[in-house]
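Structure below.
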């Protein structure tokens with residue numbers, strides 16, 4: 049029987065906080081309990097915000113809290129060619145289209161609608177869904193705009209992708225075990241590849257989990273709804289889904305989700321304040 053494979057996958061665009069510590073240590077605890085493996089992945093596709101300095105700082109912070117992982121560390125910035133292949137497959141299936149609308153264009157398109165912004169649908173994160181203007185462009189018009197050097201992202205034609213589903217999609221949460229029905233249509237035409245890179249978070253995380261043989265994904269509850277998108281991409285690309293556990297979040301005193309910009313919860317700052325590894329375990333409830 050193959051050993052379970054877990055992963056912790058932060059983005060080195062800031063310093064780790066208590067929420068990251070909880071997620072990393074929970075992955076370690078579950079991997080050890082199941083006699084499995086733990087991998088570390090740096091999700092650094094954003095080359096402007098993710099830096100080698102922050103990457104190194106994360107490794108130091110993870111060592112400090114006692115995290116163990118297998119080498120080598122996978123860095124997404126070293127695998128853009130792999131994501132391009134997946135994007136090309138979706139292009140060949142006619143499931144993505146070039147999206148030219150800027151933020152200002154999106155706002156104007158929505159304002160032109162009968163209901164305006166107040167009645168425009170939003171995704172589970174609260175973002176206004178992308179208008180379908182670019183979907184309706186002819187191939188000739190798309191080629192003309194691309195030939196002129198117009199910037200564009202690749203977006204998934206969600207209606208067309210959902211039409212390919214013969215049965216409803218779902219995924220398994222393993223702690224405790226239960227099935228969750230996927231609703232990718234709630235996200236509208238999501239970005240699959242950005243203007244300046246051949247991928248997005250949704251595409252690269254699905255590809256990486258498959259290539260690394262991840263069997264158990266343990267991550268925050270803030271990504272629960274995004275799993276619907278991941279299940280759809282796994283289905284379209286012929287990828288077997290892992291099991292999932294979306295854990296509770298570490299919140300601040302006001303009940304808000306922690307962010308890397310909150311220095312008062314940065315592991316680095318807490319260490320400089322004299323906090324110990326055991327203090328971190330106590331603060332995150334482990």
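In my numbering, the protein residues as written are 49 to 334.
Glycine included, every Cβ here is placed at the ideal spot set by N, Cα and C.
Below 8 Å on the Cβ atoms is my contact criterion, and I expect residue i with residue j to pass it. Report the Cβ-Cβ distance as a whole number of Å.
i	j	result
residue 284	residue 209	6 Å
residue 176	residue 240	Wrong, their Cβ atoms sit about 18 Å apart, outside the cutoff.
residue 204	residue 143	6 Å
residue 182	residue 145	6 Å
Across which residues does DSSP place residue i in a beta bridge pair?
i	result
residue 320	According to DSSP, which records beta bridges pairwise, residue 320 is partnered with nothing at all.
residue 225	222
residue 170	176
residue 239	203
residue 283	Answer is none; residue 283 lacks a bridge partner.
residue 268	295
residue 305	299
residue 108	According to DSSP, which records beta bridges pairwise, residue 108 is partnered with nothing at all.
residue 213	Answer by DSSP bridge pairing: none, since residue 213 is not bridged.
residue 90	123
residue 118	87
residue 65	314
residue 53	85
residue 144	204
Measure the Cβ-Cβ separation of residue i and residue j and say whether it is below 7 Å.
i	j	result
residue 246	residue 70	no
residue 306	residue 65	yes
residue 206	residue 164	no
residue 334	residue 119	no
residue 56	residue 79	no
residue 179	residue 234	no
residue 87	residue 260	yes
residue 337	residue 217	The chain is shown from 49 up to 334; residue 337 falls before or after that span and cannot be answered.
residue 156	residue 201	no
residue 103	residue 60	yes
residue 263	residue 52	yes
residue 265	residue 238	no
I want to know whether the region 116-128 touches the region 78-98 - three or more CB-CB distances under 8 Å. Flag = yes, the region 116-128 and the region 78-98 touch.
At least three beta-carbon pairs within less than 8 Å, the region 229-246 to the region 97-117: These segments do not touch.
Are at least three pairs of beta-carbons, each pair with one atom in the region 295-303 and one in the region 146-154, less than 8 Å apart? Two segments are said to touch when three or more pairs of C-beta atoms, one from each, lie closer than 8 Å; by this definition the region 295-303 does not touch the region 146-154.
Could you tell me whether the region 322-330 touches the region 240-258, using the rule of 3 or more Cβ pairs below 8 Å? As far as the Cβ criterion goes, the region 322-330 does not touch the region 240-258, which means the pair count is below three.
Sufficient close CB pairs (3 or more, under 8 Å) joining the region 259-272 to the region 288-298: The region 259-272 is in contact with the region 288-298.
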